[in-house]
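Okay, structure first, notes after.
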Amino acid sequence: MSESTADGHRWKMVIDLDKCTGCQACVVACHAENNVPIVGGEEVAMGRSRHWIRIERYWEGEYPDVKARFLPMLCQQCGHAPCEPVCPTFATYHSDAEGLNVQVYNRCIGTRYCANNCPYSARMFNWFEPYFPSPLEQQLNPDVTVRGRGVMEKCTFCIQRIKRAEDRATSDGRPLEDGDVVPACAQSCPTRAIHFGDLTDPHSQIHELIESQRAIRLLNEQGTDPSVIYLKGGESHAG
Amino acid sequence: MPKRMTLLGLFNTSGPGRPIDYLDPVTGAMEALRILGLREQDMALMMGVPYTSKMLGRPKIYERVPWATIFGALAGLSTAILLTFFTQFHYPIRVGGRPYWGTAAAWIPIFELTMLGLVLGTFFNFIWKNAFPSTQPQIYNPNINHGRIALTASFDARYEDDVRRAMLDNGAEQVYEPEKKPL
Amino acid sequence: MLADAQTKFKNLVWPHEDDPKERLLLDPIPQEEMNQIMLKPMLSASPAYWLVVALLAGIVGVCLFGSWAYMIRWGMGVAGIRRPVGWGVFIATFVFWIGISHSGTFVSAILRVFNAEFRRPITRAAELMVTFSLACGGLFPIIHLGRMWVVYFMVPMPNQRQLWPNFQSALVWDLLAITTYLISSTIYVFLPMIPDLAMARDHTTGWRHALYKFTSLGWRGTEYEFHYLHKALNIMAFAIIPIMFSVHTIVSWDFAMTQQVGWHSSIFGPYFVVGAIFSGVSAVITVLLVVRRTMHLEYFLRPEHFDALAKLVLIFSLAWTYFFFNDFFVEWYGGDWAGHKLLNFQMHGGLAPYWYAMLFFNIVVPILTLWNKRVRNSPIALFLITIGINIGMYLERLVIIPGFLQRNRMPFNWGEYTPQWPEVSIAVGTVALFILLYLLASKVIPLIPVWEVLEGQLSHSRRRIGKTVVTSVAELE
């Protein structure tokens, strides 16, 4: 279904796990871009850390051959998103124009059913009123809502940047080009591990990356049809 | 038009060694009244225990399937179809990669609202057929909750003595002309 | 040969006649006496009663509404819920109350359809439990919301944005199902109550008289009134059974329709329905034992009724075991790795104490005790066993809802859930609310349907077959 409608975009993100160093620059950039608040040590200990993109760290092997594997995990913007049909108020639905799973903060009543149904645990809930210790409130992004308490939030593929690029392209009188839209995480990644592009754009670099031999999609056997593709080869795979 | 009057006879349903099922007095009285010429609709019974019409020797109250029940069910069904299909027509929102009009998921609201309509229809049928709630003063005798059954007969006033005797001869404890009182 | 026979028959005893008066429907007393037995506890209240009511009202005010207000003021974060456990004690208690609500419908509707005569004195007390447990359970879908002040977004009413709720969402189905069930069971408890309310109207004065006059709608006991009542009850009894099954099936689909490991099981529908009836009928026994003792209704509620209900509990314990084993064994034998991690978590991990306690209370205790007639006839034993069963069923909901959510397919996102004080306080508050509502109702609503008992006594008689006298039941309709 994510390749169905006519003149919309189909945004895809490709994350190269072989280049990811786990530096968490994307995490910080996402916080800055999307007004994601800090929740404090106690809340994180309770498991309520709030990162729209987080670096999951898995240990592989036994001592002394231990390796750390880093997996940047964010909302996979699934084509058959399990979070969408369960929301009682349509606060999350699939946007035909962008091919994204959008979250409408004003409509959310906070049942947390979507979070329960997300197999990637990619959704975050606002447990308390967001708190931005001074002077962090001065660097809030005016393009992004500051969510109140009781609503769900998650990665939006920086839809505000998508919209701004689309507006600029329209006012310039040209179609959207590859590289016009760069989400905050892709922008900040020092190893250029994160790529972003539109599948409906025939000139996009995304096509090559998606067809790579190393491409995998997480938990696709659940039928979620995620829009985030990971490139994973490890040491054994030359690419 | 000859004047009509009503008499109420109170009969004890407990006989010697037989609690609550001694209906011979009241059925005998009704037979005597029928011989006098009273029609079935001139006699009415009030009781605290639901005796069947067969026990009382009365014609069976026949009723077709209550149309209010069916009407309620259909109203529920149409509300459900309206909600599940019209809402997605009015403001279509795509979720989960699913079609806008998914029939499988529509069955649940259809079932629930049809049953709700059916139940409400049955309830309103009951209320309507009994003309409830009745706030008017009614003919009533509270002794029906004390093991008695009340027989009211409505007839031409000239036969008052005959009716009274028919009831008393069959064992009525009291026979009197009832007043309509607020319950 | 004769010596043989003499040995064989030596130890037999002549069967003694069961005293027929032990059975309610063979022990008729004058109607007025029955009315008084039922009215007396309604019309008078001891100081102990008011003390308990005040205590419960205090608990409800502080634990339920006070904690809820605290949570509204400060946010959902004061509860212990966290990623990945989005639902915790609140939803477990919600499912528990909806389960208890299946008690009354089973007793009054299914037993009516099967003409089980032992249902006669217990239908009303059981049906009242439905209304109050739905009232308590129905609070939770509002309590657990992050933004409960906009809960009306779920209601399909025309609005400025021209938005509708999502009828494909199991939570909206919940709303429809529970509303339908609440309305249906209120009507179903009200209809047979009308003759008893009329009787109470005739025996009371003052505000009670006005109340009963209003609610009995002018009932006089005419043939037509009873005819329409029976007709309505027959339709309602048949209609409310599929509604009852659908309600808990839909509640179970809140979980079964997700992708969550352990939840996505096709057996959840019948498993939850059987569990609900199991927990509900046990709760009926608990409540009736208390009612019988405190309201002196020993005439109406005899050992035979508890015996029959306890046999039902045993049957449902076996049925629950069957469904549990289906769910467990299928996952154990052929499940995927995530399912096995979850089973490990239940059997050997953090959930183990709750899991084993659940099995103990739901399987071991009922099956080992309720087959014995002496246990079934002992009020203390039944009280303890049925409270244990409800503890076990509550643990089952805790294991399934927050328990299963702690494990999923991405091990980095596993979590531990610890309930915090607002959750426990609100759950305790709803128990107090249930008991409080029931206590208040018992003073206003006649708890025994006297006219149905009389109808039963009318149909029961004793007749001789051979050397013995047996009970014979007439078919009245």
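Protein chains in written order, with numbering that gives the first Met the number 0: chain G, 0 to 238; chain R, 0 to 182; chain W, 0 to 476. All C-beta atoms, glycine included, are put in the ideal place defined by N, C-alpha and C.
- Query: Which runs of the alpha helix (DSSP H) spanning at least 4 residues fall entirely within the stretch 228–297 of chain W, listed in chain order?
  - Reply: 267–293
- Task: Leaving aside the five residues before and after Y21 (chain R) along the sequence, list all residues of the same chain whose C-beta is less than 7 Å from its C-beta, in chain order.
- Result: Taken in chain order, the residues that qualify are T12, S13, G14.
- Query: Do the stretch 379–393 of chain W and the stretch 345–365 of chain W touch if we need at least three Cβ pairs shorter than 8 Å?
  - Reply: yes
- Identify the contact partners of I60 (chain R) in chain G, using a Cβ-Cβ distance below 8 Å as the criterion. Within chain G, no residue comes near I60 (chain R); the closest Cβ sits about 46 Å away, beyond 8 Å.
- Task: Could you tell me if N105 (chain G) is buried or exposed, where buried requires 16 or more neighbouring beta carbons within 10 angstroms of its beta carbon?
- Result: The residue in question, N105 (chain G), is exposed, as its Cβ has fewer than 16 Cβ neighbours within 10 Å.
- Message: Tell me the residue span of the alpha helix (DSSP H) that contains V374 (chain W).
- Response: First-last of the alpha helix (DSSP H) with V374 (chain W): 372–375.
- Item | Separation of W354 (chain W) from R406 (chain W), as counted between CA atoms | 15 Å
- Message: Tell me the residue span of the alpha helix (DSSP H) that contains H206 (chain G).
- Response: 205–209
- Among R:F88, R:M46, R:M4, R:D161, which residue has its Cα nearest to the Cα of Y139 (chain R)? R:M46
- Item | Where S1 (chain G) falls: helix, strand or coil (DSSP) | Interpretation of S1 (chain G) is limited by its pLDDT of 40, a score under 50 that renders its predicted location unreliable; the figure taken from the coordinates is listed afterwards. Correct three-state label for S1 (chain G): coil.
- V13 (chain G) - partner residues in DSSP beta bridges: Paired residue(s): G:H194, G:I228.
- Selection from W:F213, W:F189, W:G220 that minimises the alpha carbon distance to I143 (chain R): W:G220
- Item | Contact set for A231 (chain W): own chain, Cβ-Cβ below 7 Å, skip 5 residues either direction | L190, listed in sequence order.
- Against chain G: residues of the stretch 142–173 of chain W by CB proximity under 7 Å: So the list reads L144, G145, R146, V149, V150, F152, M153, L162, P164, N165, Q167, S168, A169, L170, V171, given in the order they occur along the chain.
- Query: Smallest Cα separation from L23 (chain W): which of W:I71, W:V188, W:F117, W:F89?
  - Reply: W:F117
- When DSSP labels each residue in this structure, what does N100 (chain G) get in the three-state scheme? strand
- State the beta-bridge partners of G14 (chain R) as determined by DSSP. Per DSSP, R:R17.
- Task: Count the C-beta pairs between the stretch 78–92 of chain W and the stretch 54–61 of chain W that are closer than 8 Å, then say yes if the count reaches three, no if not.
- Result: no
- Task: Using a Cβ-Cβ cut-off of 9 Å, state whether S215 (chain W) counts as contacting chain R.
- Result: yes
- Message: Less than 9 Å between the C-beta atoms of K231 (chain G) and I209 (chain G), yes or no?
- Response: no
- Three-pair Cβ contact test at 8 Å for the stretch 164–175 of chain W versus the stretch 83–97 of chain G: yes
- Task: Would you mind telling me which residues of chain G sit closer than 9 Å to M41 (chain W), beta carbon to beta carbon, in chain order?
- Result: The contacting residues do not exist; M41 (chain W) stays about 41 Å from chain G at best.
- Query: Nearest to L16 (chain G) by CA position, among G:R191, G:D200, G:C117, is which residue?
  - Reply: Nearest of G:R191, G:D200, G:C117 to L16 (chain G), Cα basis: G:R191.
- Message: Within 9 Å of any Cβ in chain G, is that where the Cβ of A105 (chain R) sits?
- Response: No, A105 (chain R) does not count as interfacial toward chain G.
- Run the CB neighbour count on M42 (chain R), radius 10 Å, all protein chains shown included, and call it buried at 16 or more, exposed below. buried
- Message: For P132 (chain G), count the other beta carbons within 10 Å of its own beta carbon; 16 or more makes it buried, fewer makes it exposed. Which is it?
- Response: exposed
- Query: Looking at the C-beta of Y227 (chain W), does it have a partner C-beta in chain R at a distance below 9 Å?
  - Reply: yes
- Among W:G387, W:N371, W:H339, W:I434, nearest to F403 (chain W) - alpha-carbon criterion: Nearest option by C-alpha distance: W:H339.
- Do Q308 (chain W) and V149 (chain W) have their C-beta atoms closer together than 9 Å? The residue you asked about is not Gln; residue 308 (chain W) is Leu in the sequence shown. In this structure, V149 (chain W) does not lie closer than 9 Å to L308 (chain W) by Cβ.
- Message: Give me the residue from R:T5, R:F84, R:L9, R:R3 with the minimum Cα distance to Q173 (chain R).
- Response: R:L9
- Is the shortest distance between the beta-carbon of E220 (chain G) and the beta-carbons of chain R less than 9 Å? So, not an interface residue.
- Name the residues in the stretch 26–45 of chain G whose C-beta lies less than 8 Å from a C-beta of chain W; which are they? E42, M45
- For the beta strand (DSSP E) that contains M42 (chain R), what are its first and last residues? 42–46
- Task: Consult DSSP for G57 (chain W) and reduce its assignment to one of helix, strand or coil.
- Result: helix
- Using the C-alpha atoms, what's the distance from A80 (chain G) back to T223 (chain G)? Between the C-alpha atoms of T223 (chain G) and A80 (chain G) there is a straight-line separation of about 6 Å.
- From G:R111, G:C77, G:D179, pick the residue whose C-alpha is nearest to that of S203 (chain G); which is it? G:D179
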